[in-house]
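Chemist: Under UniProt numbering, the sequence shown has 3 at position 3, and the numbering climbs by one with no breaks.
Note that CB positions come from ideal geometry on N, CA and C, so glycine has one too.
Predicted, not measured: the structure shown is a model, and the values here were computed from it.
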Amino acid sequence: MTAVQPYCSSVASGRQHVNGVDLYYEQTGRGKHAVLLIPGALGSTRTDFAPQLKSLNKEHFTIVGWDPRGYGQSRPPDRDFPSDFFERDARDAVDLMKALGFGKFSLLGWSDGGITALIAAARNPDLINKMVVWGSNAFVSQHDLGLYDAVRDVSKWSARMRQPMEEVYGAEVFAKTWEAWVDGIAQFAKRPEGSICMELLPFITCPTLIIHGEKDPMVPSFHPQHLLKHIKGSRLHLMPEGKHNLHLRYADEFNKLVEDFLKD
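1. Between which two residues does the beta strand (DSSP E) harbouring residue 205 extend?
2. Residue ranges of each beta strand (DSSP E) run of no fewer than 3 residues wholly in the stretch 126-158, ordered along the chain?
3. In terms of residues, what are the limits of the alpha helix (DSSP H) holding residue 254?
4. Going by other Cβ atoms of all chains shown within 10 Å of its Cβ, with 16 needed for buried, is residue 19 buried or exposed?
5. Quick check on the burial criterion: 16 or more other C-beta atoms within 10 angstroms. Buried or exposed for residue 183?
6. How is residue 2 classed by DSSP in three states: helix, strand or coil?
7. Which residues does DSSP list as the beta-bridge partners of residue 239?
8. Does residue 244 come out as helix, strand or coil in the three-state DSSP assignment?
9. So what does residue 178 bridge to, in DSSP terms?
10. Excluding five sequence neighbours on each side, which residues of the same chain lie with their C-beta closer than 8 angstroms to the C-beta of residue 235?
11. Give the DSSP-derived three-state secondary structure of residue 7 in the structure shown.
12. Tell me the residue span of the beta strand (DSSP E) that contains residue 107.
13. Checking 8 angstroms against the spacing of the C-beta atoms, do residue 177 and residue 42 come in under that value?
14. Measure the C-alpha to C-alpha separation of residue 58 and residue 205 and round it to an integer number of angstroms.
15. At the level of alpha carbons, what is the spacing between residue 199 and residue 230?
16. What are the start and end residues of the beta strand (DSSP E) that includes residue 64?
17. Give me, in chain order, the residues of the same chain whose beta-carbon lies closer than 8 angstroms to that of residue 216; leave out the 5 immediate sequence neighbours on both sides.
18. For residue 218, is the classification buried or exposed, using 16 other Cβ atoms within 10 angstroms of its Cβ as the cut-off for buried?
19. Since residue 87 is in the alpha helix (DSSP H), which residue starts that stretch and which ends it?
20. For residue 53, which residues of its own chain have a beta-carbon under 8 angstroms away from its beta-carbon, when the five flanking residues on both sides are left out?
21. Could you name the residues of the same chain whose beta carbon sits closer than 7 angstroms to that of residue 233, not counting the 5 residues immediately before and after it, in chain order?
22. For residue 258, collect the residues of the same chain with a Cβ closer than 6 angstroms to its Cβ; drop the 5 residues on either side in sequence, then sort them by chain order.
Given below as structure tokens:
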């Protein structure tokens with residue numbers, strides 16, 4: 001008989017005071033290579049990265065998931081979306097890892113978390129080992145505004161899509177925070193070229209893997225192509241059947257891809 005450890009027993013969780021807020025995090029594995037998982041909009045370590053916390057190689061990696069300020073269990077404060085919210089998340093992410101004692105680490109960023117990762121890598125080249133981003137963009141186009149507007153009203157989402165978020169926030173807070181996120185991301189369209197962080201891409205020096213699901217309904221393919229063109233030495237891996245949540249839907253394939261890249 002082999003004892004099977006339930007998911008939570010091998011994961012330590014805690015709160016760390018960073019930049020004036022208490023950030024919730026989960027940590028697993030005992031490898032030399034530290035990896036920070038950065039969730040998407042309104043996301044949390046549990047809703048966004050369960051298959052990665054469970055199955056990424058715990059001998060090679062020490063894996064840290066966290067809830068950015070105002071998301072998941074890093075509340076209070078309530079989440080807000082000032083014009084520098086991605087910069088703020090990037091600062092929190094890096095400072096959390098420093099506070100946990102990691103001198104150098106890699107980043108896995110999904111969706112909004114990928115944008116946060118791009119900024120963190122550009123601003124802290126000496127700290128970031130490698131980076132994987134997927135479902136991410138460095139600018140907001142008029143086309144993107146239409147996509148965001150189409151998902152603004154969560155009552156039009158399927159119950160299956162709403163459920164994980166409603167379990168975290170309750171229906172009312174989720175709907176209100178999501179609408180605030182749509183307004184928050186839309187504000188970048190007013191900037192020159194709709195830039196979120198385009199001007200920072202040339203400052204990224206770590207090896208970077210961009211993954212793109214070719215059926216991603218939220219992030220058109222011109223976004224990963226832009227990242228590939230402007231991040232020196234980056235590579236792009238396309239998943240023909242992948243949608244926005246490809247790391248959840250195709251977790252085994254995704255995890256292997258990431259492990260091979262990080263070990264490489």
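Modeler: According to the structure shown:
1. Where residue 205 is concerned, there is no enclosing beta strand (DSSP E), because DSSP gives it neither an H nor an E.
2. Entirely contained in the stretch 126-158, the beta strand (DSSP E) runs reaching 3 residues are, in chain order, 128-134.
3. First-last of the alpha helix (DSSP H) with residue 254: 251-263.
4. Classification of residue 19: exposed, given that the 10 Å Cβ count is below 16.
5. So residue 183 ends up on the exposed side.
6. Here residue 2 scores only 36 on pLDDT, less than 50, and its place in the model should not be relied on; the value that follows carries that caveat. The answer is coil: DSSP assigns residue 2 none of H, G, I, E or B.
7. DSSP output for residue 239 lists 213 as bridge partner(s).
8. Coil at residue 244, not helix or strand.
9. BP columns for residue 178 are empty, so no partner.
10. Excluding residues within five positions, the ones whose Cβ falls inside 8 angstroms are 208, 209, 210 and 228.
11. For residue 7, the predicted model reports a pLDDT of 46, less than 50, meaning its position is unreliable and no value from the coordinates is stated.
12. Per DSSP, the unbroken beta strand (DSSP E) holding residue 107 starts and ends at 105-110.
13. Taking 8 angstroms as the cut-off, the Cβ atoms of residue 177 and residue 42 count as close.
14. The straight-line gap from Cα to Cα measures roughly 26 angstroms.
15. When rounded, the distance between both Cα atoms is 9 angstroms.
16. Residues 61-66.
17. In its chain, beyond the 5 residues on either side, 135, 242, 243, 244 and 246 have a beta carbon closer than 8 angstroms to the beta carbon of residue 216.
18. Of the other Cβ atoms in all chains shown, 16 or more fall within 10 Å of the Cβ of residue 218; this residue is therefore buried.
19. 85-99 is the span of the alpha helix (DSSP H), which, as asked, contains residue 87.
20. The beta carbon of residue 53 lies closer than 8 angstroms to those of 7, 11, 26, 28, 37, 45, 63 and 65 in the same chain, with the five residues before and after it left out.
21. Only 207 meet the Cβ criterion.
22. Excluding residues within five positions, the ones whose Cβ falls inside 6 angstroms are 132.
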